[in-house]
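In what follows, a structure is listed as structure tokens, so that the remarks can point back to it.
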């Protein structure tokens, strides 16, 4: 199934075991706060797959996960030259214009 998706132009992240190995090089896998190491692992996975721009759209529901996850983005950008990582937190008060502006900024920024 993955092969068929790739042939059709779709991409998928590697298995979780491989993502965990990616994460170990960039973040501690011992973190159990919010999404913990998985945020870093998925971002690194997409960058390694050839997608240098990553948009992390997360619900603003878990404050520790929000703080830890957002804290990783700048560090990952420094350790992944040529990447651009933008985070958008969704909550009840976010305006469509804010989301569109952040996405447009990501798309317009050269890498």
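In this note's numbering, the protein residues as written are 28 to 138. For each residue, glycine too, the CB sits at the ideal point set by N, CA and C.
* To do: Starting from the C-beta of residue 99, find all residues in its chain whose C-beta is less than 7 angstroms away, skip the five residues before and the five after it, and write them out in chain order.
  => Your numbering for residue 99 matches position 72 in the chain shown. Only 54, 66, 67 meet the Cβ criterion.
* To do: Keeping to the same chain, check which residues put their C-beta closer than 6 angstroms to that of residue 85; ignore five residues upstream and five downstream.
  => Sequence index remark: in the chain shown, residue 85 carries index 58 (1-based). For residue 85, where only same-chain residues beyond five positions count, the Cβ hits under 6 angstroms are 116.
* Distance between residue 129 and residue 29 (C-alpha atoms, nearest Å) -> Residue mapping note: residue 29 aligns to position 2 of the chain shown, counting from 1. Residue mapping note: residue 129 aligns to position 102 of the chain shown, counting from 1. Distance from the CA atom of residue 29 to the CA atom of residue 129, rounded to whole angstroms, is 31 angstroms.
* Asked: CB-CB under 7 angstroms to residue 121, same chain, minus the five flanking residues each way: which ones, in chain order?
  -> Taking the first residue of the chain shown as 1, we reach residue 121 at position 94. Excluding sequence neighbours, residue 121 sits near nothing in its chain.
* To do: In the DSSP assignment, find the alpha helix (DSSP H) that holds residue 111 and state where it starts and stops.
  => Looking up residue 111 in the chain shown gives position 84. Annotation: residue 111 is outside any alpha helix (DSSP H); the continuous beta strand (DSSP E) that includes it extends over 111-117.
* To do: Put residue 84 into one of helix, strand or coil per three-state DSSP.
  => Reading the chain shown from its first residue, position 57 is the one you call residue 84. Shown here, residue 84 sits in a strand according to DSSP, grouped into three states.
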